[in-house]
Amino acid sequence: MDPYRLGVREPGAAQHPEGGLHGLDLVRPAGHPVGAEHRRLLPGFQDAHVHPLPAGLELTQCDLTGTKTAEDTVAAVRAYALAHPEREWITGGGWSMEAFEGGTPTRESLDAVVPDRPVYLPNRDHHGAWVNSRALELAGVTRDTPDPADGRFERDASGEPTGMLQEGAMEYVGRLTPPVTAAERLAALLSAQRRLHSLGVTAWQDALVGSFLGMEDPSGTYLAAALDGSLTARVVGALWWDRERGAEQIPELVERRAALSVGRFRAGSVKLMLDGVAETGTAALLDPYLDKCGCATANRGTSFVDAAELPKYVTQLDALNFQCHFHALGDRAVRDALDAVEAARAANGPSDTRHHLAHLQVVHPDDVPRFARLGAVANIQALWAVHEPQMDDLTIPFLGPERAAWQYPFGALLRSGVTLAAGSDWPVSSPDPLQAIHVAVNRTAPGSPSSPVFLPAERIGLTDALTAYTAGSAYANHLDDTGSVRAGALADLTVLDRDPYAGPREAIAETKVVLTYVGGERVCAADGAAEPFRSQKRSRAPIPGQLSMYAGHLSMMDRWPEAAFSSLT
1 MDPYRLGVRE PGAAQHPEGG LHGLDLVRPA GHPVGAEHRR LLPGFQDAHV
51 HPLPAGLELT QCDLTGTKTA EDTVAAVRAY ALAHPEREWI TGGGWSMEAF
101 EGGTPTRESL DAVVPDRPVY LPNRDHHGAW VNSRALELAG VTRDTPDPAD
151 GRFERDASGE PTGMLQEGAM EYVGRLTPPV TAAERLAALL SAQRRLHSLG
201 VTAWQDALVG SFLGMEDPSG TYLAAALDGS LTARVVGALW WDRERGAEQI
251 PELVERRAAL SVGRFRAGSV KLMLDGVAET GTAALLDPYL DKCGCATANR
301 GTSFVDAAEL PKYVTQLDAL NFQCHFHALG DRAVRDALDA VEAARAANGP
351 SDTRHHLAHL QVVHPDDVPR FARLGAVANI QALWAVHEPQ MDDLTIPFLG
401 PERAAWQYPF GALLRSGVTL AAGSDWPVSS PDPLQAIHVA VNRTAPGSPS
451 SPVFLPAERI GLTDALTAYT AGSAYANHLD DTGSVRAGAL ADLTVLDRDP
501 YAGPREAIAE TKVVLTYVGG ERVCAADGAA EPFRSQKRSR APIPGQLSMY
551 AGHLSMMDRW PEAAFSSLT
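Below is the structure:
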């Protein structure tokens, strides 16, 4: 008999009044709980928008995610460069815009610590990169270099590039960075997978499978991991839509989809990046950004895909049963995406493609009810919905009070009947689902209970937030045998060290994952003992009221009502 079995200790207390699972625990065959009695079993978390390979690579490079000030950031670059004299380039990233005046550091500060080697460091949101003079020299970027159509070089008063590259301008330097070996890429992916499993994540959608801004296509790495069995998570790849091309790339996407479906990896989605980000003025808005004085500018952001052509592309992709995964931050990008989905529905009729819009920073109130009507999923990144310097200093003043109140409308979307999925966008922000769930419920940053609540009407309940990270993301990922604890479901599970329903909502972020299973296999444990979960044989006599694993699926024993194992919906 298995040393660990999923079971019900108290049949009379199995259904939580809020719809969660109550009384489920890891039990030994004799029925004694393993560890604390108030652990909580949930479906495995699923990240519907994440970039594991770049995240894993950054962990091995100049990782600036922990720096808070300009001085700390520059010091970290200097320390890394001194520790790695063998590196031809200094690469990495993850620095915070709010650490620098105006969100834009300069090449001079990098030149002071790394004068002789090129430096390329994307910021936290990866829509901009900080470079030194040597990198600009190698790229041939001077005051006479025009801005690309999909980006810009920040310049000083004399027109000289400052060393800050926005959006498409990143590629001028990014494409010159040394290639990463296949072995390094595989190691980075597996490192990221270990991190995600440790946080209870059992499946994800990689939001950029293709070559972009100097980043290599991760599909070969996924295939290698799928073929050798080291890919233990279930992964959906969103194939990159080349915004420099049009419908002529669709046959290639069809071919890539067929080739990239091996083991636990499949590519059934297409990523369409419609705009940039609000803090750099590149998120596409219906009305212009404001200047520092609150006056309208001429800038309405950047649309990377022609709004007149987008409905045609989405209609064709929808007809071929591709899911469209939209990057849409500004209200104009959101509207363009919904218009395209509406065109596809009108042309093709109903489908099960489950198109989803990610980020949703600014959503015009008129567009909120359209999600449910069109069957579009709202893919939220909840960690961003807080008061912090990037929001308060670099975003709200340039949106103005009316649009600032339309940001991250999780509550309004939920009340309108839309399906919420959830993702981290790691390495842009933490991959920890419980941190994001904390923010979705509280609209304050973890560890900041006294900070002002960010748009309190947009808070959602704990069950709704858990659902977004489990059943909602499973729906977006077309992983319909996952996302809930029920008879016949795949045994993709996470066990928490406490019941988040039992404590104050301000303490949700303190919850930790202690065990993670994928298909019944124990892929991570808090104590590091990640031995496989051995499936039971059906020849054994069932135990009434017991939930057990058979061949990686959950099977409910007789005498136990199926309603006790409802999903978190």
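Going by full-length UniProt numbering, the sequence shown opens with residue 1, and the numbers climb by one from there.
C-beta atoms are modelled at their ideal positions from N, C-alpha and C, and glycine is treated no differently.
Quick one: is the Cβ of residue i within less than 7 Å of any heavy atom of the ligand NAD?
i, result
"E402", "The ligand NAD is not among the ligands present in this structure, which contains no ligands whatsoever."
Buried or exposed: residue i, going by 16 or more other Cβ atoms within 10 Å of its Cβ?
i, result
"K68", "exposed"
"E248", "exposed"
"A79", "exposed"
"N123", "buried"
"T297", "exposed"
"E171", "buried"
"E98", "buried"
"V453", "exposed"
"H84", "exposed"
"A378", "buried"
"P118", "buried"
"N132", "buried"
"L136", "buried"
"C293", "exposed"
"E108", "exposed"
"C295", "exposed"
"G229", "exposed"
"R245", "exposed"
"R335", "buried"
"P105", "buried"
"P251", "exposed"
"E279", "buried"
"E71", "exposed"
"R175", "exposed"
"N321", "exposed"
"T395", "buried"
Can you name the start and end residues of the alpha helix (DSSP H) that residue i belongs to?
i, result
"D336", "331-348"
"E521", "E521 -> not in any alpha helix (DSSP H); beta strand (DSSP E) instead, spanning 521-525."
"A468", "Careful: A468 lies outside any alpha helix (DSSP H) and carries neither H nor E."
"M391", "389-394"
"P288", "Unbroken run through P288: none, as it is neither H nor E."
"F153", "Not the alpha helix (DSSP H): F153 falls in the beta strand (DSSP E), residues 151-155."
"P178", "Premise fails: P178 is in no alpha helix (DSSP H) and is neither H nor E."
Measure the Cβ-Cβ separation of residue i and residue j and say whether it is below 8 Å.
i, j, result
"A319", "N348", "yes"
"R354", "Y475", "yes"
"R498", "R40", "yes"
"G159", "D206", "no"
"G103", "D63", "no"
"L239", "V209", "yes"
"L420", "G483", "no"
"M273", "H359", "no"
"A333", "A382", "no"
"A404", "R443", "no"
"L496", "L199", "no"
"A169", "P148", "yes"
"Q390", "V362", "no"
"L479", "A203", "yes"
"H325", "V277", "no"
"L285", "R300", "yes"
"A81", "I90", "yes"
"D275", "L329", "yes"
"R370", "G411", "no"
Quick test of your reading: residue i and residue j, contact by CB under 8 Å. State the CB separation rounded to the nearest angstrom.
i, j, result
"S191", "G56", "5 Å"
"F304", "D150", "6 Å"
"F100", "G281", "Not a contact, Cβ separation roughly 16 Å."
"G423", "A48", "4 Å"
"L462", "R505", "7 Å"
"V441", "I508", "6 Å"
"V514", "A525", "7 Å"
"P431", "H438", "Not really, about 14 Å apart at Cβ, beyond 8 Å."
"L338", "L374", "6 Å"
"T177", "G128", "Wrong, their Cβ atoms sit about 16 Å apart, outside the cutoff."
Could you check where the beta strand (DSSP E) with residue i kicks off and where it finishes?
i, result
"H356", "356-359"
"S269", "265-273"
"F326", "323-328"
"T353", "Neither: T353 is in no beta strand (DSSP E) and is coded neither H nor E."
"Y501", "That residue, Y501, is in no beta strand (DSSP E); it is neither H nor E in DSSP."
"H49", "45-50"
"I380", "377-380"
What are the complete beta strand (DSSP E) segments, minimum 3 residues, inside the stretch 57-114? 90-93
Restricting to runs no shorter than 4 residues, where is the alpha helix (DSSP H) found entirely within the stretch 413-464? For the stretch 413-464, whole alpha helix (DSSP H) runs of length 4 or above, ordered along the chain, are 433-442.
List in chain order: all unbroken beta strand (DSSP E) runs of 3+ residues lying wholly within the stretch 192-220. 201-209
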